[in-house]
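As structure tokens, the structure follows; a few thoughts come after it.
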Amino acid sequence: MAGSGDVVKLKPHKLSARDLIRVGGVGLRNRPLRAFLSALGIGIGIAAMLAVVGISFSGRADLDRTLDQLGTNLLTVAAGKDSDGHTVSFPEPALPMIKRVGPVLSASGVTRLPDDVNVYRHEYIAKARTSGIVVYSVDNDLPSVVGATMAGGGWFNAATARYPAVVLGSSAAKRLGITTVRSNVVIQLGGRAFSIIGILNPVPLAADLDSAALIGQAAAADYLGITSGKTTIYVRSAERQVEAVREVLAATANPAQPYHVQVSRPSDALAAKLATDRAFNAVLLGLGAVALLVGGIGVANTMVISVLERRSEIGLRRSLGATRRHIRMQFLTESVLLAALGGVGGVVLGAAVTFAYALSQSWPPTVPLWAAGGGIAITVAVGALAGIYPAARAARLSPTVALAAP
Amino acid sequence: MTGDAVAELIAVSKLYPGGVAALQEVDLRIEPGELLAIVGPSGSGKSTLLNLLGTLDQPTSGEVRIAGHPVAGLSDRHLSALRADHVGFVFQQFHLAPATTALDNVADGLLYCGVGQAQRRERAARALQRVGLGHRMRHRPHELSGGEKQRVAIARAVVGEPDLLLADEPTGNLDTATGGAIVALLRELNSSGTTVVVITHDREIAEGLPRTVALRDGRVR
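In structure tokens:
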């Protein structure tokens with residue numbers, strides 16, 4: 009007589025993980041275009057999010073690299089303006105006093121010449137059409153302090169600093185239409201000819217110099233009769249003492265009116281500029297999340313349709329001995345595979361966008377591993393979530409109803 | 108009652124919601140090694156009987172035993188295991204997976220039996236040879252004729268060596284000659300020991316088999 013002993017002999021079988029993935033892939037293999045299109049939504053979401061993170065990190069990596077080269081120990085001391093709005097200049101001893109501060113490694117000053125000293129490409133240009141180029145008289149050691157390099161020509165030496173010679177900042181040169189340094193090229197500066205001896209590369213830590221024309225201290229005195237004091241002093245100090253030096257600079261540079269003095273750390277400004285991009289990044293990340301959500305709904309929709317269409321397959325599998333759980337796991341796996349497919353594609357696409365953008369900006373392309381891994385993990389979660397309802401529907405289907413389906 | 112029967116129905120009734128009685132007080136005993144036809148016009152309760160024999164459905168009253176296991180009160184998992192290990196199905200519509208080779212379609216017959224893939228394929232190859240399709244293993248369903256498709260489906264049903272092979276209108280989608288060949292194949296399988304139940308509305312086929320159970324209006328006549 010058949011009793012409970014026989015029932016024990018009925019041992020429900022398990023599907024191995026390999027078989028589960030194989031079975032879960034059946035639907036994707038049978039309808040590759042549909043799988044591709046529904047994975048695409050997820051992929052675009054992940055690609056957008058990864059590209060935002062990747063581009064932001066690449067920009068950060070570029071800044072780090074730039075700061076590594078430029079150093080973060082440069083301070084800029086500006087004389088500021090008085091209460092009438094006139095630019096004041098530092099008293100004569102300001103620069104030597106600053107150089108005497110213990111942790112200061114080097115310092116160099118520039119004098120901003122009055123606004124009526126204008127620059128023209130040649131003397132036939134109407135006086136009103138100034139080029140908007142500011143003129144500074146400079147010390148010879150300026151490039152080493154601010155980290156300026158030459159794009160062409162050379163910097164002042166002891167001799168050329170006394171001659172009517174000019175070095176152009178990078179954008180000033182562009183504005184004047186001068187791309188290379190050749191002998192006998194002159195511009196009009198303060199009403200007389202100055203020959204161009206050099207053009208600077210952009211100076212990230214002293215961006216004011218980019219749109220400036222620089223002449224020697226002695227030339228300013230000899231040819232333009234201007235001998236006023238420094239208006240900006242650039243200070244390099246020992247890395248660890250930068251903040252301490254910063255505290256004493258105002259009083260050291262202008263003991264009489266320290267409150268006019270503005271001290272800033274240009275490397276901070278560069279970092280802050282990057283930080284302002286974060287709000288924008290948050291918006292893009294949000295858009296990516298919305299795309300991901302819509303993609304997830306697309307996957308759920310595809311799975312619901314798939315379950316409806318494959319009722320007879322479900323019936324067959326039930327007749328072959330699949331349990332409800334087997335059916336549920338099959339469709340859940342299919343949903344996860346579908347979403348993960350989109351995730352992997354999205355990560356590849358996002359990384360490609362990051363690389364393309366970073367290379368176009370000459371940034372070091374950086375795709376954080378946690379972002380790529382996290383992106384795929386998110387898609388797996390989205391796929392599992394999207395698959396819950398369709399899988400439950402498939403599992404609930406009675407075998408007889410499923411088999412009767414066309 | 109010996110308990111030896113492959114399938115045993117005792118006073119089985121099946122009522123559908125709305126009071127339609129698909130089966131009424133049916134007694135049926137199928138011995139190992141039998142080949143029988145269940146025959147009747149549409150609406151006679153054939154399909155319901157097939158579903159009960161295949162444990163795809165439960166009776167409203169009465170007792171069903173398949174391979175010695177009383178079906179009443181079994182969980183979904185145990186019922187599924189019963190189907191996996193003891194029952195094979197052949198359908199009128201073949202139900203083959205598209206874009207899947209004949210070999211893998213047959214191997215899927217063992218998917219839920221706890222058998223590894225290598226062994227599934229090996230046994231599937233043997234089952235295909237047994238139904239005379241040893242040369243069609245790598246073909247996909249759309250490359251096969253109707254008769255060949257049904258042979259693949261039969262191979263899938265017997266690959267697990269079930270105690271009971273249920274064939275639901277196995278010749279319904281085939282022409283007479285091909286259908287005859289399928290019946291011959293079922294006879295052949297039966298002569299090597301498989302218990303075969305053919306559900307059909309075709310009296311001619313039914314009368315060619317050793318035993319015929321005629322159904323009408325939910326009762327065995």
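Chains as they are written, first to last, in the working numbering: chain A, 9 to 414; chain B, 108 to 328. Ideal Cβ positions, reconstructed from N, Cα and C, are used throughout, including at glycine. None of these values were measured; they are calculated from a predicted model.
{"Item": "Distance between V178/B and G13/A (C-alpha atoms, nearest Å)", "Value": "Residue confidence for G13/A is low, a pLDDT of 44 falling below 50, so the modelled location carries little weight; the figure read from the coordinates is stated next. Spanning the two alpha carbons is a distance of roughly 14 Å."}
{"Item": "Beta-carbon gap between V119/B and I137/B smaller than 8 Å", "Value": "no"}
{"Item": "Proximal residues of chain B, C-beta to C-beta of S314/A below 9 Å", "Value": "Within chain B, no residue comes near S314/A; the closest Cβ sits about 14 Å away, beyond 9 Å."}
{"Item": "8 Å Cβ cutoff, N158/B in contact with chain A", "Value": "yes"}
{"Item": "Residue-level contact to chain B via CB, R326/A, 8 Å cutoff", "Value": "yes"}
{"Item": "Beta-carbon proximity list for V16/A, same chain, < 7 Å, skipping 5 on both sides", "Value": "Any reading at V16/A must be qualified, since the residue scores a pLDDT of 47, below 50, and its modelled position is unreliable; no value is offered."}
{"Item": "Cβ contact (3+ pairs, closer than 8 Å) linking the segment 231 to 242 of chain B and the segment 251 to 267 of chain B", "Value": "yes"}
{"Item": "For F288/A, the three-state DSSP class (helix, strand or coil)", "Value": "helix"}
{"Item": "Stretch-stretch touch, CB-based, cutoff 8 Å, three pairs: the segment 167 to 182 of chain A with the segment 201 to 221 of chain A", "Value": "yes"}
{"Item": "Beta carbon of A190/B nearer than 8 Å to that of T162/B", "Value": "One detail in the question is off: residue 190/B reads as Arg in this sequence, not Ala. Yes. Within cutoff."}
{"Item": "Residue range of the unbroken beta strand (DSSP E) whose run includes M158/A", "Value": "158 to 161"}
{"Item": "Contact residues within the segment 30 to 41 of chain A, judged by C-beta distance below 9 Å to chain B", "Value": "R30, V31, V34, R37, N38"}
{"Item": "Alpha-carbon to alpha-carbon, L184/A and R129/A", "Value": "6 Å"}
{"Item": "Expected contact under 8 Å - CB spacing of D183/B and G267/B to nearest Å", "Value": "About 19 Å separates the two Cβ atoms, so there is no contact after all."}
{"Item": "Short CB-CB distance (under 8 Å) between D309/B and chain A", "Value": "no"}
{"Item": "Contacting residues, own chain, Cβ-Cβ under 6 Å from L292/A (five flanking each side not counted)", "Value": "V60"}
{"Item": "Environment of M108/B [buried if 16+ CB atoms lie within 10 Å]", "Value": "Any reading at M108/B needs caution, since the residue's pLDDT is 45, under 50, leaving its predicted position unreliable; the model's value is listed next. By the 10 Å Cβ count, M108/B comes out exposed."}
{"Item": "DSSP three-state assignment for E321/A, whether helix, strand or coil", "Value": "helix"}
{"Item": "Supposed contact pair A379/A and L58/A - C-beta distance, whole angstroms, cut 8 Å", "Value": "6 Å"}
{"Item": "Cutoff 8 Å: L18/A Cβ touching any chain B Cβ", "Value": "yes"}
{"Item": "Three-state secondary structure (DSSP) of R254/A", "Value": "helix"}
{"Item": "Straight-line Cα distance separating I106/A from L257/A", "Value": "7 Å"}
{"Item": "Three-way DSSP call (helix, strand, coil) for V388/A in this model", "Value": "helix"}
{"Item": "Any C-beta of chain B under 8 Å from that of V332/A", "Value": "First, the residue type needs correcting, since residue 332/A is Arg and not Val in the sequence shown. Chain B, which has a Cβ nearer than 8 Å to the Cβ of R332/A, makes this yes."}
{"Item": "7 Å Cβ cut-off: residues of chain B touching T341/A", "Value": "Residues of chain B passing the Cβ test: none, with the nearest at roughly 14 Å."}
{"Item": "Whether R332/A touches A403/A by CB criterion (8 Å)", "Value": "yes"}
{"Item": "Cβ of T408/A within 8 Å of any chain B Cβ", "Value": "yes"}
{"Item": "Burial state of R328/B, where buried means 16 or more other Cβ atoms lie within 10 Å", "Value": "exposed"}
{"Item": "Residue-chain proximity (D27/A, chain B), Cβ-Cβ < 8 Å", "Value": "yes"}
{"Item": "Strand pairing of Y1/A, partner residues [DSSP]", "Value": "Chain A is shown from 9 up to 414; residue 1/A falls before or after that span and cannot be answered."}
{"Item": "The segment 219 to 238 of chain B: positions lying closer than 8 Å to chain A by Cβ", "Value": "Y219, C220, G221, G223, Q224"}
{"Item": "C-beta atoms of L393/A and A43/A nearer than 8 Å", "Value": "no"}
{"Item": "Best match in L130/B, A284/B, L159/B for proximity to D275/B [C-alpha to C-alpha]", "Value": "L159/B"}
{"Item": "Proximal chain A residues relative to A144/B, where beta-carbon distance stays under 9 Å", "Value": "What A144/B touches in chain A: nothing, since even the nearest Cβ is about 20 Å away."}
{"Item": "6 Å Cβ shell around L121/A - same chain, five flanking residues per side excluded", "Value": "V143, I234"}
{"Item": "A10/A at chain B interface by Cβ criterion, 8 Å", "Value": "Confidence in A10/A is poor, its pLDDT being 41 and thus under 50, which makes the residue's placement unreliable; the coordinate value appears in the next sentence. A10/A counts as touching chain B."}
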